[in-house]
Amino acid sequence: MNQRVLVASNRGPVSYQFGADGSLTGRRGGGGMIAGVADGLAALGPEASATWICAALSDADRAVARARDTSDGNGIAVRMLDIAPDIFDRAYNRVANSALWFLLHQLFDTPNQPRFGREFRRDWEAYLAYNAAFADALTGEAQTGEALTGGEGGLRVLIQDYHLCLAPRLLRDRLGGQWGEAGIGHFCHTPWVPPDYYRMLPDDVGRALLDGILGADRAGFHAERWATAFLDCCAAVLGADVSRTGLAGPGPGPVGRVTYRGHVTEVAVHPLGVDAAALRERARAGDVRAHAGALRRATGDRKLIVRVDRTELSKNIVRGLAAYRELLDTRPQWRGRVVHLAFAYPSRSALAEYRAYTDQVRELAGQINEEFRTADWDPLVLEVKDDYPRSLAACALADVLLVNPIRDGMNLVAQEGPVLSERGCALVLSREAGAAATLAADALLVNPYDVTETADALHRALEMPDAERQRRGAALAATAAADPPARWLGGQLASLRPGS
Ligand code: F6P
Numbered sequence: 005m006n007q008r009v010l011v012a013s014n015r016g017p018v019s020y021q022f023g024a025d026g027s028l029t030g031r032r033g034g035g036g037m038i039a040g041v042a043d044g045l046a047a048l049g050p051e052a053s054a055t056w057i058c059a060a061l062s063d064a065d066r067a068v069a070r071a072r073d074t075s076d077g078n079g080i081a082v083r084m085l086d087i088a089p090d091i092f093d094r095a096y097n098r099v100a101n102s103a104l105w106f107l108l109h110q111l112f113d114t115p116n117q118p119r120f121g122r123e124f125r126r127d128w129e130a131y132l133a134y135n136a137a138f139a140d141a142l143t144g145e146a147q148t149g150e151a152l153t154g155g156e157g158g159l160r161v162l163i164q165d166y167h168l169c170l171a172p173r174l175l176r177d178r179l180g181g182q183w184g185e186a187g188i189g190h191f192c193h194t195p196w197v198p199p200d201y202y203r204m205l206p207d208d209v210g211r212a213l214l215d216g217i218l219g220a221d222r223a224g225f226h227a228e229r230w231a232t233a234f235l236d237c238c239a240a241v242l243g244a245d246v247s248r249t250g251l252a253g254p255g256p257g258p259v260g261r262v263t264y265r266g267h268v269t270e271v272a273v274h275p276l277g278v279d280a281a282a283l284r285e286r287a288r289a290g291d292v293r294a295h296a297g298a299l300r301r302a303t304g305d306r307k308l309i310v311r312v313d314r315t316e317l318s319k320n321i322v323r324g325l326a327a328y329r330e331l332l333d334t335r336p337q338w339r340g341r342v343v344h345l346a347f348a349y350p351s352r353s354a355l356a357e358y359r360a361y362t363d364q365v366r367e368l369a370g371q372i373n374e375e376f377r378t379a380d381w382d383p384l385v386l387e388v389k390d391d392y393p394r395s396l397a398a399c400a401l402a403d404v405l406l407v408n409p410i411r412d413g414m415n416l417v418a419q420e421g422p423v424l425s426e427r428g429c430a431l432v433l434s435r436e437a438g439a440a441a442t443l444a445a446d447a448l449l450v451n452p453y454d455v456t457e458t459a460d461a462l463h464r465a466l467e468m469p470d471a472e473r474q475r476r477g478a479a480l481a482a483t484a485a486a487d488p489p490a491r492w493l494g495g496q497l498a499s500l501r502p503g504s
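Quick note: to get the working numbering, add 4 to the position in the sequence shown (first position is 1).
Quick look at the structure:
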């Protein structure tokens with residue numbers, strides 16, 4: 005069936021760089037959201053016609069945005085919006101990354117932050133303008149040709165994440181009565197917070213964000229916990245009419261409905277896992293095998309504790325390193341017999357908090373090596389240069405995978421690791437990751453703030469008998485493979501069908 009799909013997200017599936025000679029080269033955008041949407045769209049096949057609207061993130065992107073529409077390399081049309089740099093900076097760095105990301109991950113150092121003063125009001129105006137630019141672009145796309153009815157299959161609009169909370173309502177208002185057989189979905193890849201924390205936002209801002217998402221027909225989350233917190237905020241902050249059904253199993257499925265301003269929004273859980281076959285095939289490629297060989301030569305037959313993260317505050321890398329230090333301190337039997345491969349790749353370096361956090365990671369990693377290093381053993385290898393094939397190789401070799409975020413919408417590494425692992429890995433997993441909802445039974449769950457408990461879990465994971473590690477690893481991999489991007493995106497599209 006013909007299907008017209010519009011996707012809107014801040015970061016797009018491709019981003020550009022200028023070469024020394026001024027030429028432009030495109031690279032696939034990073035992160036779990038991109039992987040889920042791009043692979044999910046690819047699985048729709050040739051009968052679906054999809055356009056992905058994203059922001060130009062750099063000068064190179066802006067040059068492309070002004071010259072032409074582009075493609076993600078898999079036949080999906082990509083339209084980059086050339087939003088004025090000051091508007092983009094305030095909307096992305098100040099509102100989305102400094103206020104909303106911190107809010108949704110509960111990262112505020114509350115004696116000092118947040119401070120919503122006059123400067124924030126200017127930032128908020130920019131966030132409004134940024135969301136309006138997306139709503140205008142979506143409206144334009146929706147009104148072209150047969151798009152509004154989308155032909156036989158109908159038009160589906162999938163709006164992603166906290167950058168674009170206002171866009172669903174703005175789009176609904178712009179299209180007015182012209183909806184035909186169209187549906188709007190909003191999906192939040194982050195956690196959501198309970199009303200008490202949410203109320204830190206200025207009242208008008210808090211209400212506007214919820215009202216914006218409720219312009220959608222369906223609001224999606226990775227885990228029931230986040231969907232329930234969203235329902236709680238709609239009831240407590242907006243006084244909206246909220247009905248709850250709860251989720252029978254781990255998802256996907258609806259958990260409730262919100263009726264507000266005469267419109268009903270279904271709130272649902274769609275867990276995002278991995279395409280296990282594609283991931284394993286990628287891991288068989290020569291570049292990954294070469295990295296695996298190099299890592300093995302560097303670490304010998306020692307056990308490997310692996311982590312792969314973007315260096316960002318919610319990932320809790322510093323406490324993870326502190327737990328490794330405590331392990332070596334309190335269980336000297338592991339000294340010389342284990343290596344921690346900590347891959348912590350750059351993220352959002354425009355923000356001072358992120359730069360300071362990166363420094364803290366480097367400093368603690370250096371201290372651990374200084375404290376425990378011997379003539380023939382480096383206890384910790386910290387890599388800060390993003391290298392995807394090397395990350396896959398490390399996951400393939402891992403005995404233990406450490407994923408200990410303070411909070412996380414889902415966490416794909418917790419799912420990719422067990423799928424890639426060659427001998428079955430033990431997973432030490434934060435109970436605050438969305439992935440804990442599906443992986444809890446076979447992981448070793450930890451409170452991410454409890455360094456001692458995390459050190460204990462690392463010890464348990466290292467000494468886990470082979471048979472148990474393989475059994476748990478296989479179960480984790482099977483769970484991760486149960487919700488591939490095709491199912492995640494296909495389920496959302498199906499739920500937006502008229503009459504569903
Ligand atoms: O994919 C994970 C994620 O946390 C998404 O929620 C979000 O859209 C994205 O990362 C944001 O990352 P960045 O600021 O690097 O684009």
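The C-beta atom is built at its ideal place from N, Cα and C for all residues, glycine as well.
DSSP state of residue i mapped onto helix, strand, coil
| i | result |
| --- | --- |
| Trp128 | helix |
| Val18 | strand |
| Ser102 | helix |
| Lys319 | helix |
| Ile410 | coil |
| Ala60 | coil |
| Glu387 | strand |
| Gln147 | coil |
| Gly290 | helix |
| Gln419 | helix |
| Tyr453 | coil |
| Cys192 | strand |
| Val257 | For clarity, residue 257 is Gly in the given sequence; the question names Val instead. The answer is strand: DSSP assigns Gly257 an E or B state. |
Nearest-angstrom Cβ-Cβ length linking residue i and residue j, presumed shorter than 8 Å
| i | j | result |
| --- | --- | --- |
| Cys506 | Arg15 | No statement about residue 506 is possible, as the shown extent of the chain runs from 5 to 504 and does not include it. |
| Leu449 | Arg427 | Not quite, the Cβ-Cβ distance comes to about 22 Å (not below 8 Å), so this is no contact. |
| Gly219 | Leu175 | 7 Å |
| Arg229 | Ala441 | 7 Å |
| Ala400 | Ser425 | 6 Å |
| Ala459 | Glu367 | In fact, because the Cβ distance is near 19 Å, the residues do not count as touching under 8 Å. |
| Asn519 | Glu51 | Outside the modelled stretch of the chain, which goes from 5 to 504, sits residue 519, for which no answer is possible. |
Residue i versus residue j: straight-line alpha-carbon distance, rounded
| i | j | result |
| --- | --- | --- |
| Asp454 | Arg339 | 22 Å |
| Ala327 | Gln419 | 22 Å |
| Asp177 | Ala139 | 9 Å |
| Gly189 | Val9 | 11 Å |
| Thr334 | Val343 | 16 Å |
| Gly121 | Gly210 | 15 Å |
| Pro350 | Val312 | 11 Å |
| Leu276 | Ala379 | 44 Å |
| Thr114 | Phe106 | 11 Å |
| Gly503 | Asp63 | Confidence is the limiting factor: at Gly503 the pLDDT is only 45, short of 50, which leaves the residue's position unreliable, though a coordinate-based value still follows. Each residue's alpha carbon lies about 44 Å from the other. |
| Ile217 | Gly413 | 17 Å |
| Asn408 | Ala289 | 29 Å |
| Gln364 | Lys319 | 13 Å |
| Val11 | Asn135 | 14 Å |
| Ala46 | Phe234 | 30 Å |
| Arg314 | Val278 | 18 Å |
| Asn78 | Gly33 | 13 Å |
| Ala280 | Gly477 | 13 Å |
| Pro17 | Ala42 | 7 Å |
| Asp96 | Asp470 | The sequence as given places Tyr at residue 96; Asp does not occur at that position. So the two alpha carbons sit approximately 46 Å from each other. |
| Arg323 | Ala484 | 26 Å |
| Pro422 | Glu123 | 45 Å |
Closer than 7 Å: residue i CB and nearest the ligand F6P heavy atom
| i | result |
| --- | --- |
| Met37 | yes |
| Asp165 | yes |
| Ser395 | no |
| Arg352 | yes |
| Gly438 | no |
| Asn97 | no |
| Arg15 | yes |
| Thr362 | no |
| Thr194 | yes |
| Asn101 | yes |
| Gly413 | yes |
Cutoff 8 Å: residue i Cβ touching any chain B Cβ
| i | result |
| --- | --- |
| Pro254 | Of the protein chains in this structure there is only one, and it is not chain B. |
Residue i beta carbon near the ligand NAD (any heavy atom closer than 7 Å)
| i | result |
| --- | --- |
| Leu213 | For the ligand NAD, the structure offers nothing, since it holds only the ligand F6P. |
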